[in-house]
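Residue numbers (numbering that gives the first Met the number 0), protein chains in the order written: chain A, 0 to 378; chain B, 0 to 675. Read through the structure below, which is laid out as structure tokens, and then see the notes.
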Amino acid sequence: MLIERRLIKNFDFTLLVITVLIVVFGLVILSSATHATMARGDDPYAFVKKQGLSFFLGLVAIALLLKIDYSWFTKYAKLIYGVNILLLLAVKVIGQEQHGAQSWISIGSFNLQPSEFAKIAMVITFAVYLAGREGKLSRFRDLIPTFVFFGLPMGLIIMQPDLGTALVFIGIYFGMLFVAGARPTHLIILILTGALLVGGILTAQLAFGLEKPLKPYQLDRLTIFTDPYKDPRGAGYHVIQSLVSLGSGGLWGKGLYQGTQTRLNFLPEQKNDFIFSVVGEELGFLGVSALLLLFYLFVYRGIVIAMRSKDMLGALLATGIVSIIVFHLLVNVGMAAGIMPITGIPLPFFSYGGSSMLANMLGVGILLNVYMRRQVLTF
Amino acid sequence: MTEKALKTKLKVFMALVTLIFVILISRIGYLQLVQAQEFKTLSEQNRIRLVPIPAKRGEILDRSGRVILAKDRPVYSVSISYLGIKDQDLDKIAARLSSILAIDEKDIKSAVNEKDVRRFEPIKIAKDVPLDVVTKIEENRKELPGVEIAVEPVREYVYRDFMPHILGYMREITPQQLEEHKDDGYSMGDRFGQAGLEKIYEKYLRGEDGDKQVEVDKSQHPVRELDIRQPTPGNNLILNIDHDIQKVAEESLDRTMATLQAGKYPMAKAGAVVLLDVNSGKVLAMASKPGFDPNIFNGKITPEQSEALFGGKETNPFPAFNNRAMMGYAPGSTFKMVVGTAVLESKKATIKDTYYDSGSVYLYGRSYKCWRPSGHGRVDLLRAIQVSCNVYFYQMGLRAGVDNLAKYAREFGLGQKTGIDLPNESAGRVPDPEWKKDLNEENLKKKYDKIYLGIKDKYGELINKAEDEKEKKKLERQRDYELKQQEAWYDIEYRWQVEWQPFETIIMSIGQGYNYYTPLQMANYVAIIANGGIRYKPYLVDRVIDYKGNEVEKFKPEIADRVDISPETLAALRKGMSMVTDPGGTAYGIYSGFPVKVSGKTGTAQTGTDQYGNERPTHGWFVGFAPYDKPEVAVAAIIEYGGHGGSTAGIVARDVLAAYFDIDKSRVGTGGVSDE
Chain A
0 MLIERRLIKN
10 FDFTLLVITV
20 LIVVFGLVIL
30 SSATHATMAR
40 GDDPYAFVKK
50 QGLSFFLGLV
60 AIALLLKIDY
70 SWFTKYAKLI
80 YGVNILLLLA
90 VKVIGQEQHG
100 AQSWISIGSF
110 NLQPSEFAKI
120 AMVITFAVYL
130 AGREGKLSRF
140 RDLIPTFVFF
150 GLPMGLIIMQ
160 PDLGTALVFI
170 GIYFGMLFVA
180 GARPTHLIIL
190 ILTGALLVGG
200 ILTAQLAFGL
210 EKPLKPYQLD
220 RLTIFTDPYK
230 DPRGAGYHVI
240 QSLVSLGSGG
250 LWGKGLYQGT
260 QTRLNFLPEQ
270 KNDFIFSVVG
280 EELGFLGVSA
290 LLLLFYLFVY
300 RGIVIAMRSK
310 DMLGALLATG
320 IVSIIVFHLL
330 VNVGMAAGIM
340 PITGIPLPFF
350 SYGGSSMLAN
360 MLGVGILLNV
370 YMRRQVLTF
Chain B
0 MTEKALKTKL
10 KVFMALVTLI
20 FVILISRIGY
30 LQLVQAQEFK
40 TLSEQNRIRL
50 VPIPAKRGEI
60 LDRSGRVILA
70 KDRPVYSVSI
80 SYLGIKDQDL
90 DKIAARLSSI
100 LAIDEKDIKS
110 AVNEKDVRRF
120 EPIKIAKDVP
130 LDVVTKIEEN
140 RKELPGVEIA
150 VEPVREYVYR
160 DFMPHILGYM
170 REITPQQLEE
180 HKDDGYSMGD
190 RFGQAGLEKI
200 YEKYLRGEDG
210 DKQVEVDKSQ
220 HPVRELDIRQ
230 PTPGNNLILN
240 IDHDIQKVAE
250 ESLDRTMATL
260 QAGKYPMAKA
270 GAVVLLDVNS
280 GKVLAMASKP
290 GFDPNIFNGK
300 ITPEQSEALF
310 GGKETNPFPA
320 FNNRAMMGYA
330 PGSTFKMVVG
340 TAVLESKKAT
350 IKDTYYDSGS
360 VYLYGRSYKC
370 WRPSGHGRVD
380 LLRAIQVSCN
390 VYFYQMGLRA
400 GVDNLAKYAR
410 EFGLGQKTGI
420 DLPNESAGRV
430 PDPEWKKDLN
440 EENLKKKYDK
450 IYLGIKDKYG
460 ELINKAEDEK
470 EKKKLERQRD
480 YELKQQEAWY
490 DIEYRWQVEW
500 QPFETIIMSI
510 GQGYNYYTPL
520 QMANYVAIIA
530 NGGIRYKPYL
540 VDRVIDYKGN
550 EVEKFKPEIA
560 DRVDISPETL
570 AALRKGMSMV
580 TDPGGTAYGI
590 YSGFPVKVSG
600 KTGTAQTGTD
610 QYGNERPTHG
620 WFVGFAPYDK
630 PEVAVAAIIE
640 YGGHGGSTAG
650 IVARDVLAAY
660 FDIDKSRVGT
670 GGVSDE
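See below:
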């Protein structure tokens with residue numbers, strides 16, 4: 000046996016089952032989102048198969064990860080942080096551009112998306128950092144190093160530009176700081192300051208018609224969700240079609256594979272950013288509720304793991320992973336529902352993409368790892 | 000941090016996470032439960048397009064139901080469909096098509112680009128493509144991806160320039176018509192009847208378009224057909240018009256005009272003839288010349304064609320588009336039966352009363368001539384009709400008075416629309432004192448008010464500047480004098496321009512002056528004389544049948560009025576008119592040998608002077624009915640600027656009557672010219 004019997008006894012099968020359910024749900028939806036628009040002669044399930052393979056690789060990664068005690072992260076945190084920064088830099092230098100963002104590195108026939116792994120890396124390294132400063136976060140100036148800690152990778156991600164991932168970074172940051180013991184008042188001040196700053200810049204840019212810091216099309220994409228009918232064929236098209244897809248699903252949905260918005264390709268980016276709208280159109284409010292319930296159970300399990308973890312590091316790791324999932328949901332689902340700006344980030348376990356799947360599976364692995372080793376060893 | 004504090008933090012964290020989930024599910028619930036219907040509609044609008052299938056328009060047939068006058072002809076049209084495939088190279092296709100169809104390559108490309116947003120519809124490139132071109136396209140199928148050949152209906156008027164004024168023509172619906180008929184399911188690009196029967200019977204002929212519900216994808220490319228609704232063909236019209244008589248009418252007009260033009264009447268370029276069933280008002284023939292070919296409206300109208308159709312007074316005084324059977328003309332002597340009626344019905348004279356015609360008569364300080372310089376001697380009413388004696392009718396007109404003339408003209412339906420089932424019928428005009436007053440009084444008053452005001456202004460200024468009282472008085476006297484002078488002029492002008500003058504009654508009595516009646520009205524007026532006093536509403540369409548042959552509607556004779564004229568008077572008129580074709584009558588020559596007894600009246604209407612002051616040729620009229628003892632049909636014919644009635648319109652009327660009675664023309668005299 001590779002892993003001790005005692006650890007297997009502490010294995011969280013519930014979380015694994017929830018994960019598998021989410022992934023299977025995702026694969027079914029992905030098949031609907033891809034089979035109709037596939038070019039004739041191609042394998043209609045090519046995307047599903049690739050995604051399945053990524054899931055399988057994810058399972059292998061989890062198995063390997065479980066062998067390692069998460070306390071080892073403390074030892075390798077600096078290395079992980081360094082590699083993370085290097086990868087993000089590499090993207091900037093040798094990355095491939097897609098949808099206006101430079102976020103891919105090609106390695107042979109594989110495309111790697113470092114920003115997906117960067118989230119996991121930040122959770123690990125920040126957890127290690129905060130665990131080391133336990134009880135020393137009550138003053139505002141204690142937070143200053145964390146700005147640098149997060150600011151560096153976040154700056155690189157904004158430069159890609161990948162505003163969605165940057166938003167998730169903010170979620171991770173505040174979620175983990177809060178649990179690590181920073182004063183809520185400090186965090187609220189930070190959030191308000193940031194919101195005012197961003198709001199101020201955007202307002203100024205809109206008011207004066209400036210072309211910096213955001214390019215006009217980026218600004219359009221960020222603000223169009225407030226009134227998509229301002230430009231229904233241009234910037235507003237994505238939001239409108241997503242709303243039409245979701246709304247027309249009604250309570251029961253149009254049926255799996257029956258979504259006209261999906262099947263006839265009115266819904267853009269349906270296998271990636273807007274896959275949530277496919278669920279809404281084909282399975283209706285019931286399907287959407289099932290999806291959110293599964294994620295809610297997942298998140299609940301994650302927080303239970305944080306509560307039961309044997310140390311601060313475990314609790315912070317679990318909090319970080321939960322933050323990733325929650326903010327992905329908020330940003331992605333909010334975008335599909337027209338209450339968040341259009342920033343292309345995937346719906347975890349649903350959107351097509353190997354890097355995303357693998358990174359999320361690693362997250363699950365970390366949660367399982369923390370739960371497995373929740374008992375303090377007493378020899 | 001204690002474990003308890005950590006747990007509290009995590010619980011708060013969980014609460015925040017729950018809040019996020021609640022926000023998301025609420026928003027989605029609002030979209031999917033509250034706004035679902037709205038978004039369902041939007042998603043249907045995204046994917047469903049209706050492609051219309053035009054209905055076959057009903058046919059128009061003559062009274063036999065066998066001769067098709069107007070029909071839809073299927074023609075080949077060539078369109079390009081957007082396939083969304085890579086090997087559809089538009090440049091190549093356009094080049095290839097332009098060589099096969101002989102159309103400019105640019106036109107093809109611009110047609111395609113115009114339709115960019117509605118790609119689910121095939122883009123029409125060419126219409127009415129001949130079969131050999133279609134074959135060529137079929138042979139080149141492989142090089143022409145997306146090029147489609149479809150069959151669509153085009154209106155065809157089978158006999159081309161045959162009775163175009165009655166049939167009308169088709170054209171794309173105008174924005175205004177679209178607005179007026181917005182509840183009838185028309186859309187841009189639909190055909191719409193623009194004139195004649197096509198216009199009046201649009202709702203019967205039109206049929207009901209079908210459509211295909213097509214599902215399209217985001218690029219507007221059709222994915223599949225969802226539903227199809229077959230079109231219902233329009234209903235057919237069966238006319239009262241008899242093709243054979245109509246054909247004779249048109250040919251006779253053409254031939255007579257050609258003869259006149261070759262002779263002394265180069266301006267005899269227009270005319271009309273109407274044949275009515277006196278016992279029903281059915282229009283058996285109605286022709287107007289010059290004609291035109293309504294098929295030209297299927298394409299672009301060239302400037303030359305437009306000139307011929309609508310041309311102005313300067314360039315083309317005979318626009319072909321006008322239906323002259325429904326346009327007003329001075330009736331000339333054909334009006335004399337109205338005068339006869341007026342004087343008999345008002346008891347101002349009897350049939351026996353006579354006048355002596357010495358060739359002219361002196362009335363109200365002026366001499367009025369008869370058309371025959373030597374006069375007709377002593378004439379009574381019947382003789383006066385027979386020889387068309389002006390002198391008799393001048394005096395009878397004065398005896399009856401203008402009010403009676405106008406009253407009985409109206410009794411015969413003159414000066415008002417007959418109500419025929421055609422658009423743009425002229426009402427004509429019955430002149431009377433009231434009409435004249437309405438027409439001129441106000442203008443005259445305005446004119447003089449302006450003159451009076453001018454005088455007052457002029458003197459007002461001078462009086463103000465006057466140096467002493469004496470000069471002022473002098474100016475006032477001058478002013479009053481000038482005003483009086485103008486008032487006197489006003490009275491004179493008022494008398495001539497506003498008040499009805501006896502001379503106007505006199506010229507009205509021979510059908511001149513302000514009389515304006517249409518050939519259709521004149522035929523109907525003769526029909527009333529012939530049938531003993533019933534004014535029918537003339538009508539062209541006998542019945543409507545659907546495409547399966549079932550009768551949809553049958554039009555029955557409609558009595559517009561039973562005229563208030565005694566049978567004795569009408570009998571006298573008939574008798575007088577029958578004498579017109581007897582020896583000594585004005586139309587004896589052209590009806591000699593005619594086996595059916597025709598009663599008629601010739602007319603020669605003066606048309607005034609042209610721009611150089613030269614007397615223009617007269618319009619020639621003929622009205623009549625036959626047979627005399629048991630009238631069946633009434634006819635009215637006119638040739639513009641053709642000279643005398645008998646030798647012009649009389650011949651056309653005779654040919655039409657011969658066609659109606661199926662008379663072999665070789666047995667009928669061909670000439671016989673009378674001066675009236």
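Cβ atoms here follow ideal geometry from the backbone N, Cα and C, with glycine treated the same way.
Return the Cβ separation of residue i and residue j in integer angstroms, given the expectation that the two are a contact with Cβ distance under 8 Å.
i: B:Ile122; j: B:Ala110; result: 6 Å
i: A:His185; j: A:Ile341; result: Not quite, the Cβ-Cβ distance comes to about 31 Å (not below 8 Å), so this is no contact.
i: B:Tyr529; j: B:Ala633; result: Note on residue identity: the sequence assigns Ala, not Tyr, to residue 529 of chain B. Their Cβ separation, rounded to whole angstroms, is 5 Å, which keeps B:Ala529 and B:Ala633 in contact under 8 Å.
i: B:Glu142; j: B:Arg95; result: 6 Å
i: B:Pro73; j: B:Glu151; result: 7 Å
i: B:Ser425; j: B:Thr333; result: That pair is no contact at about 17 Å.
Excluding the five sequence neighbours on either side, which residues of its own chain have a C-beta within less than 6 Å of the C-beta of residue i, listed in chain order?
i: B:Leu343; result: Thr568
i: A:Gly313; result: Val369
i: A:Phe55; result: none
i: A:Thr124; result: Ala76, Ile79, Tyr80
i: A:Ala181; result: Leu136
How would you list, in chain order, the residues of chain A whose beta-carbon sits under 8 Å from the beta-carbon of residue i?
i: B:Ala35; result: Gly246, Ser247, Gly248, Gly249, Leu250
i: B:Val222; result: Leu263
i: B:Asp226; result: Those do not exist, as B:Asp226 stays about 15 Å from chain A at its closest Cβ, beyond 8 Å.
In chain B, which residues lie less than 7 Å from residue i when you measure between Cβ atoms?
i: A:Met306; result: Lys6, Leu9
i: A:Val298; result: Val16
i: A:Tyr172; result: Neighbours of A:Tyr172 on chain B: none; closest Cβ ~14 Å, over 7 Å.
Using DSSP bridges, identify the partner residues of residue i.
i: A:Trp103; result: A:Gln95
i: B:Val360; result: B:Tyr367
i: B:Asp71; result: B:Arg154
i: B:Trp499; result: DSSP output for B:Trp499 lists no bridge partner at all.
i: B:Glu147; result: B:Ser78
i: B:Lys600; result: B:Val622
i: B:Thr608; result: B:Glu614
Run down chain B in chain order and give the residues with a C-beta less than 8 Å from the C-beta of residue i.
i: A:Ser288; result: Ile24
i: A:Val325; result: Val16, Ile19
i: A:Val243; result: Phe38, Leu41, Ser42, Asn45
i: A:Ile21; result: Within 8 Å Cβ-Cβ: nothing; A:Ile21 doesn't reach chain B, min ~15 Å.
Beta-carbon within less than 8 Å of residue i's beta-carbon, same chain only, minus the 5 sequence neighbours each way: which residues are those?
i: A:Leu176; result: Leu129, Leu136, Leu142, Thr145, Leu186
i: A:Ala358; result: Glu115, Phe116, Lys118, Ile119
i: B:Asp581; result: Gln385, Tyr587
i: B:Pro501; result: Leu362, Tyr363, Leu397
i: A:Ser329; result: According to the sequence displayed, residue 329 of chain A carries Leu and not Ser. The residues are Gly170, Met339.
Leaving out five residues on either side along the sequence, give the residues of the same chain with a beta carbon under 7 Å from the beta carbon of residue i.
i: A:Leu296; result: Ile17
i: B:Glu492; result: Leu443
i: B:Glu440; result: Val497
Who are the neighbours of residue i on chain A, taking C-beta pairs under 7 Å?
i: B:Pro28; result: At residue 28 of chain B the sequence reads Gly, which differs from the Pro that was named. The contacting residues are Phe284.
i: B:Leu32; result: Leu250, Phe284
i: B:Lys217; result: Leu263, Asn264, Phe265
List the residues of chain B whose Cβ lies closer than 9 Å to the Cβ of residue i, in chain order.
i: A:Ile338; result: Ile22, Leu23, Arg26
i: A:Tyr228; result: The contacting residues do not exist; A:Tyr228 stays about 11 Å from chain B at best.
Legend entry - Within 7 Å of chain B by C-beta, residues of the region 152-165 of chain A in sequence order: Listed by position along the chain: nothing, the set is empty.
Inset, instruction - Determine which residues of the region 40-51 of chain B have a Cβ less than 7 Å from any Cβ of chain A, and write them out in chain order. - result: When C-beta distances to chain A are compared with 7 Å, the residues of the region 40-51 of chain B below that value are Leu41, Ser42, Asn45, Arg46, in chain order.
Legend entry - Members of the region 129-152 of chain A that neighbour chain B once the beta carbon cut-off is set at 7 Å: So the close ones are Glu133, Gly134.
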